[in-house]
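A short worksheet on the structure shown next.
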Amino acid sequence: MLPQRTWQRSTRSPIIIISSLAAMALAAVAVAALLVGTVNRTTFTARGVVVCPTAQGQTLRIAPGAPVRIYDETGDELSTTTLGQRESGDGNQCEMPFRARDVASGRDGYVVRVGDVLQETVSESALSSGVVLRPVP
Numbered sequence: 045m046l047p048q049r050t051w052q053r054s055t056r057s058p059i060i061i062i063s064s065l066a067a068m069a070l071a072a073v074a075v076a077a078l079l080v081g082t083v084n085r086t087t088f089t090a091r092g093v094v095v096c097p098t099a100q101g102q103t104l105r106i107a108p109g110a111p112v113r114i115y116d117e118t119g120d121e122l123s124t125t126t127l128g129q130r131e132s133g134d135g136n137q138c139e140m141p142f143r144a145r146d147v148a149s150g151r152d153g154y155v156v157r158v159g160d161v162l163q164e165t166v167s168e169s170a171l172s173s174g175v176v177l178r179p180v181p
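Each residue of the sequence shown is one higher than the one before, starting from 45 at the first, in the working numbering.
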């Protein structure tokens, strides 16, 4: 084994300290990336209301407890929930709210289907801010 040169002996401690600090900085960056990834999940909560139908045939099929299914553009079911109780909304019109948690984000469009009567294509921003669905009489 060859003897160490003077510069190798004199720089050994600073190199160990700098390397340790760099390793700790990289570990901190990795932990921060994990935290940001956890906070910015790839799902959202879909919210909306269905205006109470006025047509006689629809009032029986679009009622509180009716299933609400959310599909992506390829037809894969992303979430399911039910309509809530009738409430008075803006302008005193009857509305039934729904809320579906953990809907996968980043899709081109979403198909919201209420029962077997109402189906509408909406955007992610509309679903996350609260979409209003109106049955056609």
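A virtual CB, placed ideally from N, CA and C, is assigned to each residue, including glycine.
Drop a sphere of 10 angstroms on the beta-carbon of residue i, count the other beta-carbons inside from all chains shown, and report buried for 16 or more, exposed for fewer.
i	result
glycine 159	buried
methionine 45	exposed
valine 94	buried
alanine 170	buried
So if DSSP puts residue i in a beta bridge, which residue, or which two residues, is it bridged to?
i	result
methionine 140	Val94
valine 130	A quick correction: the sequence has arginine, not valine, at residue 130. According to DSSP, which records beta bridges pairwise, arginine 130 is partnered with nothing at all.
Using a Cβ-Cβ cut-off of 7 Å (strictly less than) and excluding sequence neighbours within five positions of residue i, which residues of its own chain qualify?
i	result
arginine 252	The structure shown does not extend to residue 252, since the chain spans only 45 to 181, so no value can be given for it.
Kindly list the residues whose CB is nearer than 8 Å to the CB of residue i, restricted to its own chain and excluding five residues on each side of it in sequence; keep chain order.
i	result
cysteine 138	Val95, Cys96, Arg130, Glu131 and Ser132
threonine 89	Arg143, Ala144, Arg145, Asp146, Val147 and Ser172
What does a CB cutoff of less than 6 Å around residue i pick up in its chain, not counting 5 residues either side in sequence?
i	result
threonine 165	Gly153 and Val155
Assuming residue i contacts residue j (C-beta within less than 8 Å), just tell me the rounded distance between them.
i	j	result
leucine 127	alanine 110	5 Å
glutamine 102	valine 176	Contact flag wrong, Cβ pair sits at about 16 Å.
Problem - Any 3 or more C-beta pairs closer than 8 Å across the region 114 to 121 and the region 62 to 72 - result: Of all C-beta pairs linking the region 114 to 121 to the region 62 to 72, fewer than three are shorter than 8 Å, placing the two stretches out of contact.
Practice task
Pair every Cβ in the region 97 to 107 with every Cβ in the region 173 to 180, then say whether three or more of these pairs are closer than 8 Å.
Solution key: Touching, yes, given that three or more Cβ pairs across the two stretches are closer than 8 Å.
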